[in-house]
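Numbering (the working numbering), first residue to last: 34 to 333.
The beta-carbon is built from N, C-alpha and C at its ideal position, and this holds for glycine as well.
Since the model is a prediction, treat every value here as computed from it, not as a measurement.
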Ligand SMILES: [Zn+2]
């Protein structure tokens, strides 16, 4: 799987195409959010979940006008219906809740299951039905259970689909490439713990918010963990070699990556440095970083 020493996870979201409406299983239909871009790939997947004419809607897209007519078309063609039972949300990034007003105008007030994130929930905040670790949302043909998976966003919930041993992974695991750990609300240490929790569930398939379904679920999660561990080793090596600035580390570690992606790479390096700082393994002085001796171990 590894090609050269530089990366563990291959493939990129850029240029990836997805159908507007797609059937992923007997109880899962996707509707593409019509918001392609450098961070969203082909756009955000929104999902109809359940087998009745009134299924759940998981995530709301970004608020593109073309999304709602496609959602109505999918409801009609694949469920013979025109309504939804409730809304289930992975996290409050704008490409996941931006379609809230459009959906409310069309369907009226519906329960909206979400872990609140004050300051980020926007228009959804008044409509939230509190969800958190272990919350169960049931509809005909589908049972969803929330897994709190912070790291990409502090309010992030993945949703376990019991009937299929599937996980709606939101932005924790994507259909291609890797996710970003933003400076605001992101935390790499939490993120790695979240990945390990998902791995322990031994899911049979992942339904990501961007890109196609991931059939090699455990393999992909393990590769995500290995990718970050390799990156951490590279950053520690750079610090030991005396590179103190993020920009220099990016230039070295991401030499095989186009320069226009280096700002995103800098966010990633920053997330690693903050993790090392939190673990007492690195320190900063202004813009300069240095490695600290490993904390003493009590092993052996
Ligand atoms: Zn996100």
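### ligand 1 site residues, beta-carbon cut 6 Å against heavy atoms
Listed by chain position, these are 124, 126, 185, 186 and 204.
### Message
According to DSSP, simplified to helix, strand and coil, what is residue 61?
### Response
Strand at residue 61.
### Task
Look at the alpha carbon of residue 266 and the alpha carbon of residue 241, and state the distance between them as a whole number of angstroms.
Their Cα atoms are separated by approximately 28 Å.
### Message
Please list the terminal residues of the continuous beta strand (DSSP E) segment that includes residue 20.
### Response
Shown here, the chain extends from 34 to 333; a query on residue 20 therefore has no answer.
### Query
Rounded to the nearest angstrom, how far is the Cβ of residue 155 from that of residue 94, given a contact under 8 Å?
Contact doesn't hold; Cβ gap of about 14 Å is too wide.
### residue 173 versus residue 56 - alpha carbon distance
Rounded to whole angstroms, the gap between the alpha carbons of residue 173 and residue 56 is 17 Å.
#### Entry: Option nearest residue 205 by Cα separation, candidates 78, 103, 278 and 214
It is 214.
### Query
For residue 264 versus residue 225, is the C-beta distance shorter than 8 Å?
Taking 8 Å as the cut-off, the beta carbon of residue 264 is found no closer than this to the beta carbon of residue 225.
### Message
Does the structure place the stretch 64–78 close enough to the stretch 90–105 that three or more beta carbon pairs sit under 8 Å?
### Response
The stretch 90–105 is in contact with the stretch 64–78.
### Assigned secondary structure, residue 181 (DSSP; H/G/I helix, E/B strand, else coil)
For residue 181, the secondary structure class from DSSP, reduced to helix, strand or coil, is strand.
### Task
Take residue 217 as the anchor and find which of 122, 318, 300 and 50 has the nearest alpha-carbon.
Closest by alpha carbon: 300.
### Query
Whole alpha helix (DSSP H) runs in the stretch 86–130 with 4 or more residues, listed along the chain?
Scanning the stretch 86–130 for uninterrupted alpha helix (DSSP H) segments of 4 residues or longer gives 100–112 and 127–130, listed from N- to C-terminal end.
### Message
Using 8 Å for Cβ pairs, my map puts residue 245 next to residue 210. What's the rounded Cβ distance?
### Response
The beta carbons of residue 245 and residue 210 sit about 12 Å from each other, so the pair does not count as a contact at 8 Å.
### Task
With DSSP as the reference, label residue 55 as helix, strand or coil.
In the structure shown, residue 55 sits in a strand (DSSP, three-state: E or B).
#### Entry: Whole-angstrom distance between residue 230 and residue 160, CA atom to CA atom
Within the model, the alpha-carbon separation for residue 160 versus residue 230 is close to 29 Å.
### Message
With a threshold of 8 Å on Cβ separation, who are the neighbours of residue 334 within its own chain once the five nearest residues in sequence on each side are excluded?
### Response
Outside the shown range of the chain, which is 34 to 333, sits residue 334, and nothing can be said about it.
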